[in-house]
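**Student:** Protein chains in written order, with the working numbering: chain Z, 525 to 805; chain R, 525 to 805.
Cβ coordinates follow ideal geometry from the N, Cα and C atoms, glycine included.
Quick look at the structure:
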């Protein structure tokens, strides 16, 4: 089951469609954000919507009051009886280029919001850690969360032994297809700065928590050559929260098992998570 | 007026729409090709469809008999009474990822073909030449003509003084947003090789013609530093055919006016064009 806020109302997602002339279809002009909802309470909604608006504006899409509309739709949607998984769901808000390309500006965008069942990470992945496929490719314009995932998806297409790709342009480990990437060495946490990578909402919260609890955090891109010497590596993301990484390509991280820093940050994140939820109905 | 071959039949394009769950909308999984038709006769149809099929396969899209269906749709469509501009039109064939992402492979794609009015180049652009905006960005995977044009479009958004961007990663002038790029120095023509750039259909024909008529053609990327010394520069493309370039960023090419080589190649191209048209009805 999936519902969709579309053209001002809620419908079954399967009944919603976009004209083939929308520039998201013909020219890939579209941005989105994925918001998790815990028991009908969206997580970090303001941060996600700010990023969505930034993505649209940087892409040349005229946002107008679309983000305010999306905000209300998210809040209303997770409270509906037909919301999947009783509001323990993923909410994907899209803004598309619409039909008009005015010399690279998009004055007449469309928007819709899909409410899908949750996408929980396999518990074994927390226990055993995951592997990543390094690639020389990079995410263009990391401050824009656009729909253009083809190149990233291609990097690990058909591979069952890796979770997804790790973008490593110029020998620096930036971020993965759908998560922020961290290494840890001697209790110092290292991760690429926002701007070189997408401003991950969970990333930013985890960095704050880490600093609050006494970790040093260096915001610079970890070098691929540093992976061999790292004690730990991990990802942060909306569904991953804090997920250990044990292998990147042929390189095992530390002793090849999830480490204590990732486990501690996951606990801290889960313990503080309610602070970031929208108020209850 | 625009018609569309969609779900097996012809309709008004305005009546055709894709489910919001298609991966072309949610993840940018889609490829296309644009075919020009002259008086109901598609130009270089086989070359365009080969490139479309390659683009899809390299993207992980299962093509099956889609390209054969598109071929018949193009031939049928340009002969219809309701085809725009009596078949002097642009035919845009799309293959989208469909709803299923099977670990980076797309087993259940959709396809449609839009027949739009022609997009003739302004005659003044042939007379005066056009300007380009250089950018360090590049087209990822040049052998895939994907729908992901956002980054390229952004490079000259809102600019009235340039036609489009010229991708110049690492100081090499590769191709523009929608055309192949050439320079000419002492009657030697220089252009990036296919693989570093999209295999332009008009590009390949123009190179063959140039060699046949005694020009030397070097297939290597022109360096940005060579632009100042070039005698001429020009683009090739489906609607541009052979279009002179007189400025790249702040650099004027030659004497800042269209040159004789571009003019000669345009004549040669137009004189031989009928060879590449599909047989008449």
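When you measure from the CB of residue 562 of chain R to every non-hydrogen atom of the ligand HEM, does any distance come out below 7 Å?
**Tutor:** Only the bare structure without any ligand can be found here, which leaves the ligand HEM out of the picture.
**Student:** Does any C-beta atom of chain Z lie closer than 8 Å to the C-beta of residue 544 of chain R?
**Tutor:** Yes, residue 544 of chain R lies at the interface with chain Z (some Cβ there is under 8 Å from its Cβ).
**Student:** Contact defined as beta carbons within less than 8 Å: I believe residue 537 of chain R pairs with residue 638 of chain R. What is the distance between those atoms, to the nearest angstrom?
**Tutor:** Yes, residue 537 of chain R and residue 638 of chain R are in contact; Cβ-Cβ is about 6 Å, under 8 Å.
**Student:** Take residue 673 of chain Z as the anchor and find which of Z:684, Z:661 and Z:757 has the nearest alpha-carbon.
**Tutor:** Ranking the options by Cα distance to residue 673 of chain Z, first place goes to Z:661.
**Student:** Compute the distance between the beta-carbons of residue 516 of chain R and residue 558 of chain R, then report whether it is under 8 Å.
**Tutor:** Residue 516 of chain R lies beyond the stretch modelled for chain R, which goes from 525 to 805, so this question has no answer here.
**Student:** Let me know if residue 596 of chain Z comes out buried or exposed under the rule of 16 or more other beta-carbons within 10 Å of its beta-carbon.
**Tutor:** Counting Cβ neighbours within 10 Å, residue 596 of chain Z comes out exposed, since fewer than 16 surround it.
**Student:** Which of the three DSSP states is assigned to residue 562 of chain Z in this structure?
**Tutor:** Residue state, collapsed to three classes: strand.
**Student:** Per DSSP, residue 757 of chain Z forms a beta bridge with which residues?
**Tutor:** In the DSSP output, where bridge partners are listed per residue, residue 757 of chain Z has Z:707 and Z:769.
**Student:** Could you check how far apart the C-beta atoms of residue 790 of chain R and residue 654 of chain R are, in whole angstroms? I think they sit under 8 Å.
**Tutor:** The pair is not a contact, with the Cβ atoms about 14 Å apart (cut-off 8 Å).
**Student:** Does any residue of chain R bring its CB to less than 8 Å from the CB of residue 762 of chain Z?
**Tutor:** So, not an interface residue.
**Student:** On the DSSP bridge assignment, give the partners of residue 742 of chain Z in chain order.
**Tutor:** The partner list for residue 742 of chain Z (beta bridge, DSSP) reads Z:714.
**Student:** Taking 8 Å as the CB-CB cut-off, is residue 677 of chain Z touching chain R?
**Tutor:** Chain R, which has a Cβ nearer than 8 Å to the Cβ of residue 677 of chain Z, makes this yes.
**Student:** State yes or no: is the C-beta of residue 756 of chain Z within less than 8 Å of the C-beta of residue 714 of chain Z?
**Tutor:** Not a contact, by the Cβ cut-off of 8 Å.
**Student:** Would you mind telling me which residues of chain Z sit closer than 7 Å to residue 789 of chain R, beta carbon to beta carbon, in chain order?
**Tutor:** Ordered by position in chain Z, no residue passes the 7 Å Cβ test against residue 789 of chain R, which lies about 28 Å from the chain.
**Student:** Output needed in chain order: residues of the stretch 596-618 of chain Z with a Cβ under 9 Å from some Cβ in chain R.
**Tutor:** So the close ones are 616 and 618.
**Student:** Quick one, which residues of the stretch 570-584 of chain R are near chain Z if we go by CB-CB under 7 Å, in chain order?
**Tutor:** If the cut-off is 7 Å between Cβ atoms, the stretch 570-584 of chain R has 583 and 584 near chain Z.
**Student:** Buried or exposed, going by whether 16 or more other CB atoms sit within 10 Å of the CB of residue 695 of chain R?
**Tutor:** Looking at its Cβ environment, which holds fewer than 16 other Cβ atoms inside 10 Å, residue 695 of chain R is exposed.
**Student:** Is there at least one Cβ from chain R nearer than 8 Å to residue 681 of chain Z's Cβ?
**Tutor:** Taking Cβ atoms only, chain R reaches closer than 8 Å to residue 681 of chain Z, which makes this a yes.
**Student:** Taking Cβ positions only, does residue 632 of chain Z come closer than 8 Å to chain R?
**Tutor:** Output row for residue 632 of chain Z: interface = no.
**Student:** Do residue 579 of chain R and residue 651 of chain R have their CB atoms nearer than 8 Å?
**Tutor:** It is not a contact, given that the beta carbons lie outside the stated cut-off.
**Student:** Residues of chain Z with CB closer than 7 Å to the CB of residue 541 of chain R, please, in chain order.
**Tutor:** Result: 541, 542, 543 and 544.
**Student:** Beta-carbon separation of residue 620 of chain Z and residue 733 of chain Z under 8 Å?
**Tutor:** Against a cut-off of 8 Å, the Cβ pair of residue 733 of chain Z and residue 620 of chain Z comes out as no contact.
**Student:** On the three-state DSSP scale, how would you describe residue 520 of chain R?
**Tutor:** Nothing about residue 520 of chain R can be reported from this structure: the residues present for chain R run from 525 to 805 only.
**Student:** Just to confirm, are residue 542 of chain Z and residue 544 of chain R a CB contact at a threshold of 8 Å?
**Tutor:** Yes. Within cutoff.
**Student:** Can residue 581 of chain R and residue 594 of chain R be called in contact, C-beta distance under 8 Å?
**Tutor:** Cβ distance not < 8 Å, so residue 581 of chain R and residue 594 of chain R don't count as in contact.
**Student:** So within the stretch 552-599 of chain R, which uninterrupted beta strand (DSSP E) runs reach at least 3 residues, ignoring any that extend past its ends?
**Tutor:** Correct list: 554-562.
**Student:** Between the C-alpha atoms of residue 586 of chain Z and residue 681 of chain R, what's the straight-line distance to the nearest angstrom?
**Tutor:** If you take the alpha carbons of residue 586 of chain Z and residue 681 of chain R, they lie about 13 Å apart.
**Student:** Is residue 627 of chain R close to chain Z? Criterion is C-beta to C-beta, closer than 8 Å.
**Tutor:** So, interface residue.
**Student:** Whole angstroms are fine: how far does the CA of residue 764 of chain R sit from the CA of residue 641 of chain R?
**Tutor:** In a straight line, the C-alpha of residue 641 of chain R is about 15 Å away from that of residue 764 of chain R.
**Student:** May I ask which residues mark the beginning and end of the beta strand (DSSP E) holding residue 541 of chain Z?
**Tutor:** Residues 541-543.
**Student:** With 7 Å as the limit, tell me which residues of the stretch 654-666 of chain Z have their beta carbon closer than that to any beta carbon of chain B; keep them in chain order.
**Tutor:** You won't find chain B in this structure, because its protein chains are Z and R.
**Student:** To be precise: take each residue of the stretch 549-563 of chain R, compare its Cβ to all Cβ atoms of chain Z, and keep it if any distance is under 8 Å. Which residues remain?
**Tutor:** Listed in sequence order: 549, 550, 551, 552, 553, 554 and 556.
**Student:** Just to check my reading of the structure: residue 656 of chain Z and residue 689 of chain Z have Cβ atoms closer than 8 Å, yes? What is that Cβ distance to the nearest angstrom?
**Tutor:** Right, the Cβ-Cβ distance comes to about 7 Å (below 8 Å), so this counts as a contact.
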